[in-house]
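In terms of full-length UniProt numbering, the sequence shown opens at residue 1 and continues consecutively.
In this text, a Cβ means the ideal position worked out from N, Cα and C, and glycines have one as well.
What you are looking at is a predicted structure, and each value in this text was computed from that prediction instead of being measured.
First up is the structure itself, then whatever we jot down about it.
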Amino acid sequence: MLFPDVKKKGSAEVMQTLRQLDLALGDPWDPSSPVSVTEIMVDDEAERFPVGPYDALAGEGVSRWLVPEGIGGMMFSFPESAQMYRALARRDLTLSAVSVLPFIGYLAIIACGNEEQIRHYGKFVVSGGSMSWGLSEGRHGSFLLTNQVSAEREGDFYRVNGEKWPIGFADRAGAMLVHARTDETISPASHTMLIVDRSQLDRKNYRITPNEPLYGVRGLPLGGVRYEDAMVPVSQALGREGAGLEVALKTQQTLRLGVAAMSLGPVDTGLRLAYGFAANRQLAGGQKLIELPVSRRQIADVYADLMISEILVASSTRLLQVLPRQLFLYSSIVKYLVPKRLE
């Protein structure tokens with residue numbers, strides 16, 4: 001299993017932990033809170049990375065939720081960690097995204113890495129290190145079989161050349177999972193996934209490209225990295241040579257569930273705000289807005305969609321542990337249906 005339950009914990013204990021995290025972040029409507037709506041809006045309007053809220057989360061040890069127990073982390077099961085993604089997204093989707101992005105690269109290592117890689121980069125993430133997920137390229141998008149970033153074998157190293165773009169956290173990540181071509185043929189075995197650790201590279205061998213402006217999560221850093229004769233040890237390959245597509249597909253199954261879990265948060269907040277407004281808004285005739293049939297129907301419809309989506313996410317994240325061979329089907333359904341239903 002990808003995420004075995006190292007230590008069984010009850011749902012009450014999980015909810016208590018999430019409540020403690022919420023209390024530590026403060027009242028979102030209080031401008032003096034560590035993670036307030038005021039600061040979130042200022043950062044978003046300025047298209048700025050949310051440094052203050054991000055540091056507040058780091059201070060609460062949120063990165064430990066991204067690493068399994070036994071390696072120094074607190075991830076006792078993926079469903080509970082998905083609840084944390086949702087809780088953070090209730091305050092700010094950008095904040096949830098930048099807090100979870102360091103996990104994406106490490107997710108592939110958990111799924112396909114050897115014991116040394118899992119432990120080394122688990123400690124890296126727990127200590128606050130970030131790992132980005134370098135799949136897409138400007139000319140080929142997500143059509144992975146045509147990716148042109150190359151990794152030529154030279155003894156005990158791969159010589160990596162080419163640009164990955166657009167990549168979340170590309171400018172801040174200390175390491176990137178790079179899907180690189182190791183065979184000139186176009187086939188499922190033509191690429192290898194490499195852990196490119198910047199601490200092992202000379203600064204002249206890679207260049208960070210500017211972040212792209214975004215319309216939604218405007219504080220999310222989304223840019224690229226260009227590698228120029230970067231020498232990566234063969235030991236940094238994830239799985240066997242030629243298994244890059246397999247690693248990507250296996251990792252994406254779990255990643256889809258995380259994205260769906262995060263999408264619940266903003267709708268949860270939007271529904272609470274809409275209901276609060278409708279319940280307190282008094283119309284000219286003295287009637288409350290919530291008493292109008294059309295208002296009640298709209299709020300009820302959104303609530304029903306949210307409950308359906310929550311059930312789908314909860315059941316599918318549990319499948320990761322109890323029926324992992326069926327996850328490819330259910331994760332695809334959840335990734336499409338939940339955001340589509342909630343948009």
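Assigned exposure category for residue i - 16 Cβ within 10 Å defines buried
| i | result |
| --- | --- |
| ASP301 | exposed |
| PRO4 | Since pLDDT at PRO4 reaches only 37, below the 50 mark, its modelled position is unreliable, and the value read off the structure follows with that caveat. When all chains shown are included, PRO4 counts as exposed. |
| GLY174 | buried |
| GLN20 | exposed |
| ILE340 | Residue identity differs from the one stated: residue 340 is Lys in this sequence, not Ile. When all chains shown are included, LYS340 counts as exposed. |
| MET1 | Model confidence at MET1 stands at a pLDDT of 32, short of 50, so the residue's coordinates are unreliable; what they give is reported in the following sentence. With fewer than 16 Cβ atoms within 10 Å of its Cβ, MET1 is classed as exposed. |
| ASN205 | buried |
| PRO53 | buried |
| ARG181 | buried |
| ALA89 | buried |
| ALA151 | buried |
| residue 383 | It is not possible to answer for residue 383, since the shown part of the chain is limited to 1 through 343. |
| GLY244 | buried |
| ALA304 | exposed |
| THR146 | exposed |
| LYS7 | For LYS7, the pLDDT reaches just 46, beneath the cut-off of 50, and the residue's location in the model is therefore unreliable, leaving the point undetermined. |
| MET75 | buried |
| GLU116 | exposed |
| TYR158 | buried |
| LEU107 | buried |
| GLU13 | exposed |
| GLU154 | exposed |
| GLY285 | exposed |
| TYR215 | exposed |
| ALA279 | exposed |
| ASP202 | exposed |
For residue i, the three-state DSSP class (helix, strand or coil)
| i | result |
| --- | --- |
| PHE3 | Low confidence applies to PHE3: its pLDDT is 36, below 50, so where it sits in the model is not reliable, and the reading given next is rough at best. Three-state DSSP puts PHE3 in coil, outside helix and strand. |
| ILE104 | helix |
| ARG218 | coil |
| THR146 | helix |
| THR192 | strand |
| LEU177 | strand |
| PHE328 | helix |
| ILE333 | helix |
| THR182 | coil |
| ARG226 | strand |
| PRO213 | coil |
| LEU201 | coil |
| TYR153 | Looking at the sequence shown, residue 153 is not Tyr but Arg. DSSP places ARG153 in strand when its eight states are reduced to three. |
| ALA237 | strand |
| ARG172 | coil |
Proximity below 7 Å, CB of residue i to CB of residue j
| i | j | result |
| --- | --- | --- |
| ASP183 | VAL234 | no |
| ARG119 | LEU264 | no |
| LEU66 | PHE103 | yes |
| VAL247 | MET193 | yes |
| LEU93 | TRP133 | no |
| GLY317 | PRO68 | For the sequence presented, residue 317 should be read as Thr rather than Gly. Not a contact, by the Cβ cut-off of 7 Å. |
| LYS335 | ALA237 | no |
| residue 344 | SER36 | Residue 344 lies beyond the range of the chain shown here (1 to 343); nothing can be said about it. |
| PHE169 | SER130 | yes |
| ALA56 | PRO28 | no |
| THR251 | ALA111 | yes |
| ALA189 | GLY242 | yes |
| residue 418 | GLY122 | The structure shown does not extend to residue 418, since the chain is modelled only from 1 through 343, so no value can be given for it. |
| VAL125 | SER199 | no |
| SER295 | LEU342 | no |
| TYR330 | ILE299 | no |
| MET60 | ALA24 | The question names Met, but residue 60 is Glu in the sequence shown. Yes, the pair counts as a contact, with Cβ atoms nearer than the cut-off. |
| GLU47 | ARG218 | yes |
| GLY128 | ALA230 | no |
Short CB-CB distance (under 7 Å) between residue i and chain B
| i | result |
| --- | --- |
| ALA175 | You won't find chain B in this structure, because it holds only one protein chain. |
Nearest-angstrom Cβ-Cβ length linking residue i and residue j, presumed shorter than 8 Å
| i | j | result |
| --- | --- | --- |
| LEU257 | LEU320 | 7 Å |
| VAL225 | VAL160 | Their Cβ separation, rounded to whole angstroms, is 10 Å, which puts VAL225 and VAL160 out of contact at 8 Å. |
| ASP171 | ASN211 | 7 Å |
| LEU101 | PRO50 | About 13 Å; that fails the 8 Å criterion. |
| residue 381 | ALA82 | Because residue 381 is not part of the residues shown, which for the chain are 1 to 343, the question remains open. |
| PRO166 | GLY105 | Contact flag wrong, Cβ pair sits at about 15 Å. |
| LEU220 | LEU271 | About 23 Å separates the two Cβ atoms, so there is no contact after all. |
| LEU289 | ARG281 | 4 Å |
| LEU249 | HIS191 | That belief does not hold up - the Cβ atoms of LEU249 and HIS191 are roughly 12 Å apart, past 8 Å. |
| GLN253 | LEU323 | Their Cβ separation, rounded to whole angstroms, is 12 Å, which puts GLN253 and LEU323 out of contact at 8 Å. |
| GLY138 | TYR227 | Incorrect: roughly 14 Å between the Cβ atoms, too far for contact. |
Residue i CB to nearest heavy atom of the ligand GTP below 6 Å
| i | result |
| --- | --- |
| LEU327 | By its list of ligands, the structure shown contains no ligand whatsoever, and the ligand GTP lies outside what it can speak to. |
Inside the segment 99-144 only - alpha helix (DSSP H) runs reaching at least 4 residues: 115-126
Which parts of the segment 8-82 are runs of the alpha helix (DSSP H), unbroken and 4 residues or longer, counting only runs that do not cross its ends? 11-25, 37-45, 51-59
Going along the chain, which unbroken runs of the alpha helix (DSSP H) with 4 or more residues stay wholly within the segment 243-323? 244-280, 293-322
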